[in-house]
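Number of protein chains: 2
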Amino acid sequence: MDRLERVMPIGSLAERTGVKVETIRYYEQVGLLPPPERSEGNQRRYGRAHAERLAFIKHARDLGFAVENIRTLLRLSDTPGIACDEAHAISVAHLQEVRDKIAKLRSLEKELERIATTCSGGVAACDCAIIEALADHGQCSHAHH
Amino acid sequence: MDRLERVMPIGSLAERTGVKVETIRYYEQVGLLPPPERSEGNQRRYGRAHAERLAFIKHARDLGFAVENIRTLLRLSDTPGIACDEAHAISVAHLQEVRDKIAKLRSLEKELERIATTCSGGVAACDCAIIEALADHGQCSHAHH
DNA sequence: CTGAAAGCTGTAGGAACTACAGCTTTGGAG
DNA sequence: CTCCAAAGCTGTAGTTCCTACAGCTTTCAG
Numbered sequence: 122m123d124r125l126e127r128v129m130p131i132g133s134l135a136e137r138t139g140v141k142v143e144t145i146r147y148y149e150q151v152g153l154l155p156p157p158e159r160s161e162g163n164q165r166r167y168g169r170a171h172a173e174r175l176a177f178i179k180h181a182r183d184l185g186f187a188v189e190n191i192r193t194l195l196r197l198s199d200t201p202g203i204a205c206d207e208a209h210a211i212s213v214a215h216l217q218e219v220r221d222k223i224a225k226l227r228s229l230e231k232e233l234e235r236i237a238t239t240c241s242g243g244v245a246a247c248d249c250a251i252i253e254a255l256a257d258h259g260q261c262s263h264a265h266h
Numbered sequence: 122m123d124r125l126e127r128v129m130p131i132g133s134l135a136e137r138t139g140v141k142v143e144t145i146r147y148y149e150q151v152g153l154l155p156p157p158e159r160s161e162g163n164q165r166r167y168g169r170a171h172a173e174r175l176a177f178i179k180h181a182r183d184l185g186f187a188v189e190n191i192r193t194l195l196r197l198s199d200t201p202g203i204a205c206d207e208a209h210a211i212s213v214a215h216l217q218e219v220r221d222k223i224a225k226l227r228s229l230e231k232e233l234e235r236i237a238t239t240c241s242g243g244v245a246a247c248d249c250a251i252i253e254a255l256a257d258h259g260q261c262s263h264a265h266h
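Chains A and B, in that order, give the protein sequences. For the numbering used here, count along the first sequence from 1 and bump the result up by 121. For the numbering used here, count along the second sequence from 1 and bump the result up by 121.
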């Protein structure tokens, strides 16, 4: 089906993968995506392999993996057989990061709820509960380090 | 009690508030913190008002408010009486952002759990489930935009 | 009085892009 | 075949929120 339209310019790749043109060029620049063939006029021409690799990158970025970690994961995926341990370690560490972030955001959510509902938006009612809450560290649950 | 030691150099302010020296100078540079008095030798000398304002900034940053929003909140807190509406709007908008972020992270958590447990870290068992999961967008719950 | 610690300015870096400016190439319409 | 707008190119600068020098000067405890 796509046997005949196998190569595409950067714009089409961008459209297909949902990664912006500039970002694709950036990934090439930092070595995440290998430099593709070029047309006579020096324009990038991508094939299936590039599209797949970019999809991998996009997916991992959407999951919040750092570019450095993605670099490692890509290296591992290029190494056949070995090195699953390392991929596992990266994922587990990242999962932990995500969980920590969630916990932190939950506590922020609580405090923001408290702050936002205390002052309901009227002019007369407060002066101003939100600003006071932010000024006064005492009321909130954050511990001093 | 602190009647006599009312002014302090930047290092002490940093220690008290938990904000790094460089960051304090940065806040001054971008106009969040007003320029303090200087000593004969041109060093910054901070008083109580500065410490309070910086605490406000720190607290808001810890809550994830963007510097731009903090700038607005500070402007409001300098305006007596009026403008509670705006502070309320900023907080509510920020609360919504936080909630969205939490929701997104939860779905990432689920997918990472799935990915990380599929491949338990052995070498023989997979080749490699994590990498396949990242390469293959089909299995995950993210909708195409 | 001295000298190590702390402060100063100004600039560069970092993460992960995004957005120009000023050009060249491409590919479909006429 | 010719034209020209859209898309691509390179290279640089901007974004956000700091952090980290380098190369000085000031401070204040011993």
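Note that CB positions come from ideal geometry on N, CA and C, so glycine has one too.
Taking a cut-off of 8 Å on C-beta distances, the segment 162-169 of chain A does not touch the segment 181-197 of chain A, as fewer than three cross pairs fall below it.
Ranked by how close their Cα comes to the Cα of E158 (chain B), the residues B:Q217, B:V151, B:H171, B:L229 have B:H171 in first place.
Remark: C-beta atoms of T138 (chain A) and A187 (chain A) do not approach each other more closely than 8 Å. At the C-beta level, V142 (chain A) and G132 (chain A) come within 8 Å of one another.
Selection A:A214, A:E230, A:K179, A:R235 evaluated against A135 (chain A) yields A:K179 as nearest (Cα-Cα). For S133 (chain B), not one C-beta of chain A is nearer than 8 Å to its own C-beta.
Membership of K179 (chain B) in the alpha helix (DSSP H) is indicated by the continuous run 169-183.
For E161 (chain A), the three-state secondary structure derived from DSSP is coil. Taking the beta carbon of H215 (chain B) as reference, the chain A residues within 7 Å of it are L233, listed in sequence order.
Membership of R137 (chain B) in the alpha helix (DSSP H) is indicated by the continuous run 131-138.
Around the Cβ of S198 (chain B), a 10 Å sphere holds 16 or more other Cβ atoms; the residue is buried. Using a Cβ distance threshold of 8 Å, V213 (chain A) and L229 (chain B) do not count as a contacting pair. At the C-beta level, I223 (chain B) and N190 (chain B) stay beyond 8 Å of one another. DSSP places R166 (chain B) in the strand class (E or B) of the three-state scheme. Against E189 (chain A), chain B offers no close residue; the least beta-carbon distance is about 15 Å (beta-carbon pairs closer than 7 Å).
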